[in-house]
DNA sequence: GACTGTTACTTGAACTCTCAATTTCCACCA
DNA sequence: TGGTGGAAATTGAGAGTTCAAGTAACAGTC
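Chains as they are written, first to last, in this note's numbering: chain A, 2 to 175; chain B, 2 to 175.
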């Protein structure tokens, strides 16, 4: 097994802290649900809106941003993806006409990703369907306590994995 | 916004059940944590063991199976991935020498994926590091109650998304 | 004003995943 | 025995992701 001791403890090697049976069950449940859910939402959005879930998330971030624009780095951090991935993604979204790039006046290296009208449309048209999918898969099945709990747990995990947990750098954010 | 009402309700269109503020916070926390976690584990395993997290999971399933072998369909279902994806994955794992295919005697269409010695080695060598990563990212940060809660919640979500929730088909499983 | 190190972003190649066929075989039934 | 429909697995092409460079521009320093 992956998470369980399979060989007898040896005297000279440090035995790793394997997961208990119960921990394994939790972890497997997590992996399965996360896999199924990502898959489900990807398919839903690909079918209805013609883009994967991550791309949809990028449009949403832009829609929420002041002036519907964000610096590439800012967008990448906020979506928790690498800049490289974002570069490719924005290239694609640009090709679809949902995002446009603009040069940053104050820093010639910088680029803004800007949500286009067409991008806003796509969001307006497909948000209801997507919300439905999320509701059906998650919120409709959980008690209020479970929802609260899920939020707390996921926030803790996210915090532990944040590269730095700060927009404290990024000079151009004042 | 993605999950929130942005336009005033119109009289003639059914207004979708948007997510509340609190629900949005939970959902975003989930997406962020899941993204960061998948990424983290993928990187850890790619660096240390030379394969992504899903592939590692496949080896684990095989290691746990009787005779360290599983029919392709069975493995795909258990890992919650499509058969097509599995075909490609096993091809790659075969190339790395960690898995080998074997014909199924009773059904000439069938194939077994079998974990090789080399595959078991890779698992033995890298399981401790992987367990550590999972511990550090998840279990060490959660109270026992939170762990239990996470398990329950993810089981509920997974159940809701299971294509059929049964190994009840699959004749060759008795 | 020319160095040095850093930041912002992009690029291309290798790899992985998805989707829509395609191939091969089984099971049933007339 | 010879269809017919479905199941098991694979394939190939296109899309997305990663990783390791690469380019360009900023910021300070001498």
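Note that the Cβ used here is the ideal one computed from N, Cα and C, for glycine as well. If you're wondering where the values come from, they're calculated on a predicted model, not measured in any experiment.
Residue i, DSSP secondary structure in three states
i, result
"residue 112/A", "strand"
"residue 103/B", "strand"
"residue 72/A", "strand"
"residue 137/A", "helix"
"residue 15/B", "coil"
"residue 66/A", "coil"
"residue 36/B", "helix"
"residue 97/A", "coil"
"residue 51/B", "coil"
"residue 159/A", "helix"
"residue 60/A", "helix"
"residue 1/B", "With chain B running from 2 to 175 in the structure shown, residue 1/B is simply not present."
"residue 154/A", "helix"
Cut-off 7 Å between Cβ atoms - residues of its own chain near residue i, not counting five sequence neighbours on either side
i, result
"residue 79/B", "62"
"residue 52/B", "46"
"residue 84/A", "73, 74 and 77"
"residue 155/B", "none"
Where residue i meets chain A, residues with beta-carbon distance less than 7 Å
i, result
"residue 41/B", "162"
"residue 133/B", "17"
"residue 143/B", "154 and 157"
"residue 26/B", "152"
Beta-carbon neighbours of residue i, restricted to chain B and to distances below 8 Å
i, result
"residue 33/A", "81, 155 and 159"
"residue 126/A", "Near residue 126/A there are no residues of chain B at all, since even the closest Cβ is about 12 Å away, more than 8 Å."
"residue 69/A", "Those within 8 Å of residue 69/A in chain B number zero; the least Cβ separation is about 12 Å."
Same chain, Cβ closer than 8 Å to residue i, five either side skipped, listed in chain order
i, result
"residue 41/A", "134 and 138"
"residue 82/A", "55 and 90"
"residue 39/B", "54"
"residue 88/B", "73"
Chain A contact residues for residue i, given Cβ-Cβ distances below 9 Å
i, result
"residue 88/B", "Per Cβ cutoff of 9 Å: no residues; residue 88/B is ~17 Å from chain A at best."
Same chain, Cβ closer than 6 Å to residue i, neighbours up to 5 away in sequence not counted
i, result
"residue 17/B", "none"
"residue 57/A", "46"
Assumed close pair residue i, residue j - CB separation to whole angstroms, cut-off 8 Å
i, j, result
"residue 27/A", "residue 152/B", "4 Å"
"residue 70/A", "residue 113/A", "5 Å"
"residue 127/A", "residue 50/A", "4 Å"
Residue i: contacting residues in chain B (beta-carbon distance under 7 Å)
i, result
"residue 139/A", "158"
Chain-ordered neighbours of residue i on chain B, where CB pairs are closer than 9 Å
i, result
"residue 51/A", "In chain order: nothing, as chain B lies at least about 16 Å away."
heavy atom of the ligand ZN below 7 Å from residue i C-beta
i, result
"residue 30/B", "The ligand ZN is absent from the structure shown, which contains no ligand whatsoever."
Count the CB pairs spanning the stretch 99-111 of chain A and the stretch 140-149 of chain A that are closer than 8 Å, and state whether there are at least three. The stretch 99-111 of chain A, when compared against the stretch 140-149 of chain A, does not touch it at the 8 Å Cβ threshold.
Pairing CB atoms from the stretch 73-93 of chain A with CB atoms from the stretch 122-136 of chain A, are three or more of them under 8 Å? no
Flag this pair as touching only if the stretch 61-77 of chain A and the stretch 112-124 of chain A have three or more C-beta atom pairs under 8 Å; answer yes or no. yes
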